[in-house]
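Here's the structure, in C-alpha cells; my notes come after.
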Amino acid sequence: MKIVIINYGAGNIQSILFAIERLGFTAVLTNNPDEIKAADKVIFPGVGEASYAMKMLKESGLDTLIPTLKQPVLGICLGMQLMCNHTEEGDTTGLGIFDVDVTKFTPKVKVPQMGWNTIYDLKSDLFKDVAEKEYMYLVHSFYAPLCEETIATTDYELPYSSALENGNFYGTQFHPEKSGDMGEQILGNFLKL
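Numbering (the numbering used here), first residue to last: 919 to 1111.
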C-alpha cells in the first residue's frame, strides 16, 4: 500500500510518520502531484496558520489537486479545516470539500483548546472498534460547527465537529497520531478504508 503525506510546509509531520510505522506501514512525504494521485491513501496534515498554509498549497497547485482525489484522504487538524469552505483564521477560503465554515471560539473559553477531550456520537467506519467518549488530543482555536457531514462531536464552549466525512474525504480536528492506542486505531481504520 502506498501512503502519501502531503508536504506543503506544515509542521508536525514526523509524529504522523512514526504512528504509521508503528502500524507496520511506511509513508512517503511529497508535494509531487503524480505521486499524490498514485497513492492508495493520502494524509493531509496541518499545524500552523490557515492563510499561510493555503498560500503554500496554491503555490504548489495542491489547492486544485486535493479536491479531485478519488482515494481515501484524511485531513488532520488544520488539514481538516482547510478542507472546509472558509475559515475565520486569516479570512481564508478553503478547498470546499466539507460544506461548513470554520469559526473561532469566543473569549469566554481559553484558546487554544489544548489537551485531551472526548469524542462521541461516532458515525463512520473511521471509528470501528472505538468506544464513545474516548479521549483524543486536540490543539486548536478554531472549530467546524456541527453539520450534515459531522461524524464525531466534541464539547468545548459548545458541541462542535471533531470529525467530518464527505465521500472519500475524512477530517479529524484531533490528532490521531498523538492520541495513544485509540488514535492509532483510528489511523489504522483509515488505512483499511
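A virtual CB, placed ideally from N, CA and C, is assigned to each residue, including glycine.
Everything numeric in this text was worked out from a predicted model, so none of it was measured.
According to DSSP, is residue i helix, strand or coil?
i            : result
residue 982  : helix
residue 955  : helix
residue 1092 : coil
residue 1083 : strand
residue 1031 : strand
residue 926  : coil
residue 1049 : coil
residue 976  : helix
residue 919  : coil
residue 1107 : helix
residue 1001 : coil
residue 947  : strand
residue 1008 : helix
residue 1099 : helix
residue 1069 : strand
residue 936  : helix
residue 1056 : strand
residue 1149 : There is simply no residue 1149 to check, as the chain begins at 919 and stops at 1111 in what is shown.
When the Cα of residue i is compared with those of the options, which residue comes out closest?
i            : options                : result
residue 1026 : 1074, 951, 923         : 1074
residue 954  : 933, 1024, 982, 1035   : 982
residue 978  : 1003, 925, 1060, 1020  : 925
residue 1001 : 1055, 942, 1081, 947   : 1081
residue 992  : 962, 951, 1039         : 962
residue 973  : 994, 950, 1040, 928    : 928
residue 1105 : 1038, 959, 1010        : 959
residue 949  : 934, 970, 976          : 976
residue 1059 : 1034, 1048, 1028, 1086 : 1028
residue 1038 : 1099, 1003, 1090, 1007 : 1090
Between residue i and residue j, how many whole angstroms is the CB-CB distance? I'm expecting something under 8 Å.
i            : j            : result
residue 988  : residue 957  : Not confirmed; about 11 Å, so no contact.
residue 1107 : residue 1015 : Going by Cβ atoms, the distance from residue 1107 to residue 1015 rounds to 20 Å, so no, they are not a contact pair.
residue 1005 : residue 968  : 5 Å
residue 984  : residue 1013 : 6 Å
Report all residues from its chain with a CB closer than 8 Å to the CB of residue i; omit the five preceding and five following residues, and keep chain order.
i            : result
residue 1066 : 1017
residue 1101 : 937, 1054, 1055, 1092, 1093, 1094, 1095
residue 1042 : 1069, 1070, 1081, 1083, 1088
Go ahead and label residue i buried or exposed: buried means 16 or more other beta carbons lie within 10 angstroms of its beta carbon, across all protein chains shown.
i            : result
residue 944  : exposed
residue 942  : exposed
residue 1030 : exposed
residue 980  : buried
residue 1076 : exposed
Within its chain, find whatever has a CB closer than 6 Å to the CB of residue i; leave out the 5 residues flanking it on each side and keep chain order.
i            : result
residue 1036 : 1051, 1053
residue 1057 : 1030, 1032
Could you tell me whether the Cβ of residue i comes closer than 7 Å to any Cβ of chain B?
i            : result
residue 1075 : Note that chain B does not occur in the displayed structure, where there is just one protein chain.
Please list, in chain order, all residues of the same chain as residue i whose beta carbon is under 7 Å from its beta carbon, the five residues on each side excluded.
i            : result
residue 1063 : 1018, 1021, 1078, 1079
residue 1103 : 1047, 1048
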